Each structure stands twice: as C-alpha cells, then as structure tokens.
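Trainee:
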Amino acid sequence: MLHWFSDPLEFQFMRMALVEVVVVGVVAGVLGTYVVVRGLAFVGDAISHAVFPGVVVAFLANVSILAGGAAFGILTALAISSLSLTRRIREDTAIGVVFAGAFALGVVLISSSPGYTRDLTSLLFGDVLAVTNTDIYLSLGFGGLAFVVAFALRRALILASFDREMALAMGLPVFWLDTILLLLITLTIVISLRAVGNILVLAMFVTPAAAARLLVDDMGRMMVVSAVIGALSGVIGLYLSWHTDLAAGGMIVLTATGIFLVTLLFAPRHGLLTRMLRTRNAIDTPSSAA
Amino acid sequence: MATATSQLRDATATGPAPALRFDHVSVRLGDRLALSDVTCEIEAGAFVGLIGPNGSGKSTLLRAVLGVVPLSDGEIEVEGQSIAEARDSIAYLPQRQQLALDLPLRACDVVMMGRLRHTGLFRPASRADKDAVTAALERVGLADRRNSPIGEMSFGQQQRVFFARALAQEGRILLLDEPMNGVDPQTQEVFVGLLNDFHAEGKTIVMATHDLNQAMSVCDHLIVLNQRLIVYGPSESSMTEEVLRDAYGVHLHVQHGPAHVDHIVEDLSHHDGEGHHHDAPLV
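Protein chains in written order, with my numbering: chain P, 15 to 304; chain A, 7 to 289.
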C-alpha cells in the first residue's frame, strides 16, 4: 500500500506533475467558487476556447504554452468585459461567435504542425507528465497572483456579486472588479492547461466548487473546501492514472466528478439520499416532524 | 478630512445644512426622463414618505442620492457635501429584485457588508464591526439566526437582515426602497418600531412606499413624485385632492379622517399614473 504512494515519487516528472496539479487544484478551486456562484461557467468555457490560438502559437514557437495562453487570455478577458458595456448584442451570443472562431483558428494553426494529431491531443486533453520547470514557475506565479488577489479583494468581489447597487453606493469600482475577476479566472484557466488540457479546464473550476456548495453555507468556507477537493482530485487522479496507465487529465477530472457525485448523494444537509432518508424518518416518527 | 470639518463648522454657524438638498435634479434613463427638475430640501431629522405611482421615479430619486445613477442635470447635496464625500452618512435598504439571494452567505455575512466602509477592503473586521453586526441583528430580532444561510430564510426574515445591514452602516440618513413590500405583519411592526426609534434619535429617513395609508400614518413629511415633484411638505397638509390627481391622474374625492384615507389608499394601490398598468398582462 505504501509502495502505491511512494513508488511514483521516485520519478522527477511525477513529482513535478504532483506539484502542478496541487497548485492548479487549489487555485482553480478558489476561483471556481466565484465561477459557480456568479454563473460564469459559460464565460469560463469561452475563455478556455479563446486562449487556444495563443497556446498553439506558443507551442509551435517552442515557448511555454502557459505564456502564450496568458497573453491571449488577457486580451479575451478584456474583450468580454468590454462586451458587457454594450447592451446591443446579447453577451452570450457574442461570446459564442467570437470564441468558437478563436478555437477554430487554433485548430487550423496546429494542423500545420508535423506531429498534428499527437500535439493536438496533448493540448486538448493535457499532458501533465510533460510539465516543464518553466510551466511550474509560471503556474506558481500566475496561480499565486490569482489566489492572493482573489483573497485580498474577496469582500469587494462578494459584495459586487451579491448586491451591485450597494457596491456602487459604497463607491466600489464595480466594472473594474468584474474585469479583475475575469482576468483572475483567465490566469487560472491558463495554468490548468498543462494539467487537464483545454477541453477539461472547466471541470477544474465548476466541479470542486459545486461539491463545496453542497457542503457549506458561506463563501469563505466554500473556497477552502473547494480548494481541498480540487487538490485532492489532482493528486488522486494522478496516482490512479499512473497505476492504471490511463490519461492523467481525464482521471483527474473523473476523480473530481466522483467526489461531486458522492457529495450530491451524501452531503449532510443537502445530499439527495440524506434528504430522502430524513423524510422517511420524519414519516416513520411523525412526532419528530412537528 | 480637514475641509469637511470646516465645512461642517461653517454650516452650523449659519444653521445646519439640510440633510438632503435637490437642486433642479433631472435623471435620464436611456430615452426616458425618469426625474425632471426636482428641487427640494429635506431638513435633518425629517421622516419622509416618498410616494407616487409605479415608474414615477421613487427608486431613481433614492439611487440618485446614492450616486448609482448619474444626474443629467442639477445637483444633490448631502449634509452640505457632494454625494461622493457623503457616502459614510447614508445607509440604504435596497429593493429586493436586484439581489443575488442564491449566494452562499449567512445572515451575519450580509449584515457585515454594511460595515465595509468602516472596516475598509483589506483589514479584518474589528471588535467594533462584530459588535455592530450583533447589535443590528438583535435590533431586528434575529440574534439567534445569525448563521442561517440567507437563501433559506423566509421573505420577512431576509428583509429584516437587510434592515440590519442598513442599521450596521450607522448612517445619519436612512434611505429605504419599499421596505415593507410584501412582508408579514410581524416584520412590518418591527420595522415601524425601528423607524420610529431612528426618528427619535434625530436621524433622517426617506422611505419609498406605494402604501399611502402607511406613509401618512408613520411619516411626518411626504414627497409626492411623478417624474417631477408634485409636492413636498408635512404629511397632513400635503395630501390634497389636487396633488393626488396630479400624481395619479385620477379624480378622487378627499376628505380628512382615517376611514376616508383608508378608502383612498385602497383605490390608489391598484392605480397607476398615466393610465399604465404595469402588472396587467399584455394582450
């Protein structure tokens, strides 16, 4: 049993991969809390598509894909934020058009690469065992920045999410808070690319946070629980992938999904089975229901 | 700020500045003129009922004081200062539809939001902030529900939490947007009691309401609004037949006396200015 844990640690690339998934799990868990409570899942999905051309260009130019993704992602976040200023076009429509287009551009760009299929697969589904030192430093840098800013601005971000009018009345720059939140989400999406790849990035945000929402009732604890679930999913998924020789990115996301499903059924207060059992007990002993 | 203090001193030398001064205030929302040329002064310590038909600009007037909607013309002064300088003197109870009640927040988290300008964005909440939150929750009778998720509370309890948040702001001017709309009688009683306490403490209250009966019985002044200011004055003398016709566009016979007031209220609560019926289905 101990060997199950210790054997993979003898390999440098496995140790690096573990560091990477823990960083990603924690940061995506925290930012995912905002994504879930503000209903930004679609926006997150759009950003993850939109950074793809940047990732491909960086890949082809042999630069860290995280750097390329970040450059493109920041432009994207600013574009989405500005779109929200005009009411002419429905936001989700505009986002859908622009970012599906960006993704297609990425696909076309990478089709010029000789190792087309293999490269595409690693970008779309992650290749955490190929994580480089630069990737890890960038993840720590971007992730640390996103984590610190999200924590420092939490009061303003939560108030602006809950009650915009009050936030404005208190003199908070609500537009800039929204923009900052999008930028932080973008940075986090970018650092998740190595771990789980472009397609599965969204799961690192919404799945742990959704599970956390079922377990606790306030934003602060939700962030902590979500970060723990995110990091656990990364580590467990990576070990499972190692021992079964199956895709790491997929395993990480499946682990998170598994944790979510267990929570959905058995969460102490909001779990489906828990509630069913409670109702049954209440019927059996009518006095306790009163 | 030194300038603010000296301004205050100047003001006391020439008599206190009014709590709120509207000077030819107009607000344009899109293509629509929501407020037109509103001029009035609300003296400190007044308890003002803000009434008028749906879409008459009641909420817009409050939001203009908060600095949430820009003025297209005119000026608003709060205790002799600009809106931006006076943010700390104002407490606010918003209308509910703009709130994201599904957020994972406990009652005490919501009330703590009222302390944001006291605490600042980055410092942790102080002893004073925590005490203010506890005191505010006690005043609205929810001390035992401080850890309840806001989304799982009843409508009346939620409204009490927002009232507590306004109390925790510790402003000298309290703006309320339809605070008793749809709340249970028990909560309504709590609110009226709290507002009277507030009033007794010498604070200024402006409460938007569509309940004329209530406005006339609890407030000492009324603002009757229908895009423009129809009248501002003491409750007893402001509500004339002419004013009601101007505001609500219906001909009503007004006689003074509680029974008749009740009667008017019943008629008007279903009536809307300019013949619009916002609640009626579109056919």
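Glycine included, each C-beta is placed from N, C-alpha and C at the ideal position. All values derive from a computational prediction rather than experimental measurement.
Compare the C-beta of L197 (chain P) against all C-beta atoms of chain A and say whether one is closer than 8 Å.
Mentor: Not an interface residue.
Trainee: Is the stretch 44–59 of chain A in contact with the stretch 233–253 of chain A, if contact means three or more CB pairs nearer than 8 Å?
Mentor: A contact exists between the stretch 44–59 of chain A and the stretch 233–253 of chain A.
Trainee: Give me whichever residues DSSP pairs with D29 (chain A) in a beta bridge.
Mentor: Beta-bridge pairing links D29 (chain A) to A:E81.
Trainee: Any beta carbon of chain P sitting closer than 8 Å to that of A25 (chain A)?
Mentor: Output row for A25 (chain A): interface = no.
Trainee: Mapping the DSSP letters down to three states, classify Q87 (chain A) as helix, strand or coil.
Mentor: Here Q87 (chain A) sits in strand by DSSP.
Trainee: Three or more C-beta pairs closer than 8 Å, one from the stretch 182–199 of chain P and one from the stretch 27–36 of chain P: is that the case here?
Mentor: Because the criterion of three Cβ pairs below 8 Å is not met, the stretch 182–199 of chain P and the stretch 27–36 of chain P do not touch.
Trainee: If we cut at 8 Å on Cβ distances, does L167 (chain P) have a partner in chain A?
Mentor: It does: the Cβ of L167 (chain P) has a partner Cβ on chain A nearer than 8 Å.
Trainee: Indicate whether T277 (chain P) and L207 (chain P) have their beta-carbon atoms separated by less than 8 Å.
Mentor: No, these two residues do not count as a Cβ contact at 8 Å.
Trainee: Taking L246 (chain P) as the reference, give the member of P:H257, P:T221 and P:M233 with the closest Cα.
Mentor: The shortest Cα separation from L246 (chain P) among P:H257, P:T221 and P:M233 belongs to P:T221.
Trainee: Taking CB distances under 8 Å as the criterion, tell me whether E105 (chain P) reaches chain A.
Mentor: Answer no: the Cβ-Cβ gap between E105 (chain P) and chain A never drops below 8 Å.
Trainee: Please name the residues in the stretch 88–113 of chain A whose beta-carbon is closer than 9 Å to at least one beta-carbon of chain P, in chain order.
Mentor: Answer in chain order: A90, R93, I96, Y98, P100, Q101, Q104, L105, A106, L107, D108, L109, P110, L111 and R112.
Trainee: Quick one: measure Cβ to Cβ for S241 (chain A) and L250 (chain A), integer angstroms, because I've assumed they're closer than 8 Å.
Mentor: Their Cβ separation, rounded to whole angstroms, is 14 Å, which puts S241 (chain A) and L250 (chain A) out of contact at 8 Å.
Trainee: Please report the straight-line C-alpha distance between Y272 (chain P) and Q87 (chain A), rounded to a whole angstrom.
Mentor: The question names Tyr, but residue 272 (chain P) in the sequence shown is Gly. Straight-line Cα distance between these residues: approximately 58 Å.
Trainee: Provide the residue(s) that pair with N232 (chain A) in DSSP beta bridges, ordered along the chain.
Mentor: A:R234, per the DSSP bridge assignment.
Trainee: Determine the extent of the beta strand (DSSP E) in which R1 (chain A) is found, giving its start and end residues.
Mentor: No statement about residue 1 (chain A) is possible, as the shown extent of chain A runs from 7 to 289 and does not include it.
Trainee: For S175 (chain P), go through chain A and note every residue whose CB falls closer than 8 Å to its CB, in chain order.
Mentor: Under the 8 Å cutoff, chain A gives A106 and L109.
Trainee: To which residues of the same chain is A134 (chain A) closer than 8 Å at the C-beta, ignoring the five residues directly before and after it?
Mentor: Answer for A134 (chain A): H124, listed in chain order.
Trainee: Using a Cβ-Cβ cut-off of 8 Å, state whether G157 (chain P) counts as contacting chain A.
Mentor: No, its Cβ sits nowhere closer than 8 Å to a Cβ of chain A.
Trainee: Which residues in the same chain as V215 (chain P) place their Cβ atom closer than 7 Å to its Cβ, once the five residues preceding and following it in sequence are excluded?
Mentor: So the list reads S62, I203, S206 and L207, once near-sequence residues are dropped.
Trainee: For G61 (chain A), go through chain P and note every residue whose CB falls closer than 7 Å to its CB, in chain order.
Mentor: Within 7 Å Cβ-Cβ: nothing; G61 (chain A) doesn't reach chain P, min ~18 Å.
Trainee: Name the DSSP beta bridge partners of I79 (chain P), please?
Mentor: According to DSSP, which records beta bridges pairwise, I79 (chain P) is partnered with nothing at all.
Trainee: How close, in whole Å, do the beta carbons of L152 (chain P) and G211 (chain P) come, if the pair is a contact with beta carbons under 8 Å?
Mentor: Actually they are not in contact, since the Cβ atoms of L152 (chain P) and G211 (chain P) sit about 16 Å apart, beyond 8 Å.
Trainee: Who are the neighbours of D135 (chain A) on chain P, taking C-beta pairs under 9 Å?
Mentor: Going along chain P, no residue has its Cβ under 9 Å from D135 (chain A), so there is no contact; the nearest lies around 11 Å.
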